[in-house]
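Asker: Provided herewith is a single structure, encoded as structure tokens, for subsequent inquiry.
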Amino acid sequence: MSKVYKAQRRVVQIGDIPLEVAMLPDGSYCLSQMQVSAVIEKPEISIRRFRQTKRLEALLGKASQFDTLTVEGANKPIVPVTPELAGLYWYKCAAQGNKKAQALVIALLKCSLYDIADRAFGIERRSQQRDRFLTDDLSDTGIARIEALRQNLVEQQPLEHELETQTERELKLKIQLVQLELERQKLELEKNRNPFPATEINKVGASPWQVIPWMQKTLGWANSADASRLLYQLGYGYRTEHWFKLRILGELWVMPQDSFNSLKTAVERFKSERN
Numbered sequence: 001m002s003k004v005y006k007a008q009r010r011v012v013q014i015g016d017i018p019l020e021v022a023m024l025p026d027g028s029y030c031l032s033q034m035q036v037s038a039v040i041e042k043p044e045i046s047i048r049r050f051r052q053t054k055r056l057e058a059l060l061g062k063a064s065q066f067d068t069l070t071v072e073g074a075n076k077p078i079v080p081v082t083p084e085l086a087g088l089y090w091y092k093c094a095a096q097g098n099k100k101a102q103a104l105v106i107a108l109l110k111c112s113l114y115d116i117a118d119r120a121f122g123i124e125r126r127s128q129q130r131d132r133f134l135t136d137d138l139s140d141t142g143i144a145r146i147e148a149l150r151q152n153l154v155e156q157q158p159l160e161h162e163l164e165t166q167t168e169r170e171l172k173l174k175i176q177l178v179q180l181e182l183e184r185q186k187l188e189l190e191k192n193r194n195p196f197p198a199t200e201i202n203k204v205g206a207s208p209w210q211v212i213p214w215m216q217k218t219l220g221w222a223n224s225a226d227a228s229r230l231l232y233q234l235g236y237g238y239r240t241e242h243w244f245k246l247r248i249l250g251e252l253w254v255m256p257q258d259s260f261n262s263l264k265t266a267v268e269r270f271k272s273e274r275n
């Protein structure tokens, strides 16, 4: 439902980036959802999906809701975003490698630290000086500098530890794939001894060799190990709450249909965000 507020509107400049800010009667501020995503060159659907996550709703409550807001003097209603929610969204995009978001988060953090330090030392900087700092940090040169620093930090990680971690991950994946193959062979043996048809499994859920191939087909991946890795990253790895043992055909791990449906949604979201 759209709500009408007698709110003051101002356009603030973050470097060369114009951003509309509305002040509500209670003194709080809000931004436009469309602008929050646009400043880091992301489509509005990106922040909309971010706001739909259950964890975010649990943390922020009503702050993550989607009510539109009609502000006096505005041409059309906006979907309000609190500064806290905007910061979380930019931070999330920065962590995912968005260079604009990385530069914006660091520039705003620097600006806040400068303001705190200036107050402590009794220094009053001109607004033009602050704007120049932000403009420099958010320029193409500033973004390139942040990217160079980030890559340097990544390269400075101990090579031995990196190789060890990578080797451990590959070993775990190989073990999981072997376990899957053993379970498949076990099912084949049981099917020959048990009149219960294997197709009946579909009535209670999805087997591992249905889940992984579906992910590969949906994402266009040839490597099943990549699909297994993503399965864990999305929180649907084997032996989690999304799997249970089916004892009709010996012992087989099966994903319930509800979990498989939610996995499909998560994979489709991953696919659209990657594109």
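With the UniProt record's numbering applied, the sequence shown corresponds to residues 1 to 275, in that order. Glycine is no exception: its CB is placed at the ideal position from the N, C-alpha and C atoms.
Closer than 6 Å by C-beta to N98: which residues in its own chain qualify, once you throw out the five before and the five after it? Chain order, please.
Answerer: I40
Asker: Are three or more beta carbon pairs between the region 10 to 28 and the region 123 to 138 nearer than 8 Å?
Answerer: yes
Asker: Which stretch, first to last residue, makes up the alpha helix (DSSP H) that contains residue 285?
Answerer: For the chain, the structure presents residues 1 to 275; residue 285 sits outside this window and is missing.
Asker: Going straight from the alpha carbon of W209 to that of Q96, what length do you get?
Answerer: One C-alpha to the other measures close to 30 Å.
Asker: Would you say Y89 and S37 are within 9 Å of each other, going by their C-beta atoms?
Answerer: yes
Asker: Count the other CB atoms, across all protein chains shown, that sit within 10 Å of the CB of I47; report buried if there are 16 or more and exposed otherwise.
Answerer: Buried, because 16 or more other Cβ atoms sit within 10 Å of the Cβ of I47.
Asker: Within a Cβ cutoff of 7 Å, which residues of the same chain sit near L134, ignoring the five residues on either side of it in sequence?
Answerer: I14, G15, A107, C111
Asker: Using only the alpha-carbon positions, how far apart do K264 and K271 sit?
Answerer: Straight through space, the alpha carbons of K271 and K264 are spaced by roughly 10 Å.
Asker: Would you mind working out which of L182, A101, K172, A7 sits nearest L24, comparing C-alpha positions?
Answerer: A7
Asker: Which parts of the region 72 to 146 are runs of the alpha helix (DSSP H), unbroken and 4 residues or longer, counting only runs that do not cross its ends?
Answerer: 83 to 95, 99 to 121, 127 to 138
Asker: What residues in its chain sit with their C-beta under 8 Å from that of D131, if we drop five residues either side in the sequence?
Answerer: These residues qualify, in order along the chain: Q13, G15.
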